[in-house]
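Visitor: Can you keep this structure in mind? I'll have questions shortly.
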Amino acid sequence: MAVFEARRYFEFAADVFRALIEEGQRSGEIAPDRDPAAMGSLLLNTMVGMQLLARVEEGPDRLHRVIDAAIDSL
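Each position in the sequence shown, counted from 1, maps to that position plus 11 in this note's numbering.
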């Protein structure tokens with residue numbers, strides 16, 4: 012994947028996460044004081060990191076902790 016395509020994908024994914032966070036804020040499921048753009052970037056980075064981590068971890072325990080921490084951050 013070319014750098015430009017990867018950048019475009021990451022921007023798109025962060026925007027999708029941002030929109031979902033905004034929707035969660037409107038429904039009251041996500042705290043209204045969270046910055047949707049920052050949280051979208053955090054979730055994107057978490058997702059990318061988890062993809063790498065899944066390749067080297069021997070079990071799911073660490074991945075489950077990362078998922079729990081990401082959800083708690085919302």
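Cβ atoms here follow ideal geometry from the backbone N, Cα and C, with glycine treated the same way.
Could you spell out the range, first to last residue, of the alpha helix (DSSP H) harbouring Arg39?
Guide: Residue mapping note: residue 39 aligns to position 28 of the sequence shown, counting from 1. The sequence shown places Gly at residue 39, not Arg. Note, Gly39: premise wrong, no alpha helix (DSSP H); not H, not E.
Visitor: Judging by CA-CA distance, which residue of Ala48, Gly70 and Ile82 is the nearest neighbour of Phe21?
Guide: Counting from 1 along the sequence shown, the entry for residue 21 is found at position 10. Ala48 is the residue among Ala48, Gly70 and Ile82 whose C-alpha sits nearest the C-alpha of Phe21.
Visitor: Run the CB neighbour count on Leu64, radius 10 Å, all protein chains shown included, and call it buried at 16 or more, exposed below.
Guide: Here the question's residue 64 lines up with position 53 in the sequence shown. By the 10 Å Cβ count, Leu64 comes out exposed.
Visitor: Rounded to a whole number of angstroms, what is the C-alpha to C-alpha distance between Ala80 and Leu54?
Guide: Walking along the sequence shown from the start, residue 80 turns up at place 69. Walking along the sequence shown from the start, residue 54 turns up at place 43. For Ala80 and Leu54, the distance between alpha carbons rounds to 11 Å.
Visitor: Taking the alpha-carbon of Ser52 as reference, which of Glu68, Ala13, Glu69 and Leu85 has the nearest alpha-carbon?
Guide: In the sequence shown, residue 52 corresponds to position 41, counting from 1. Ranked by Cα distance from Ser52, the first of Glu68, Ala13, Glu69 and Leu85 is Leu85.
Visitor: Mapping DSSP to helix, strand and coil, what is Leu31?
Guide: As a first step, residue 31 is located in the sequence shown; it is residue number 20 there, counting from the start. Helix, per DSSP.
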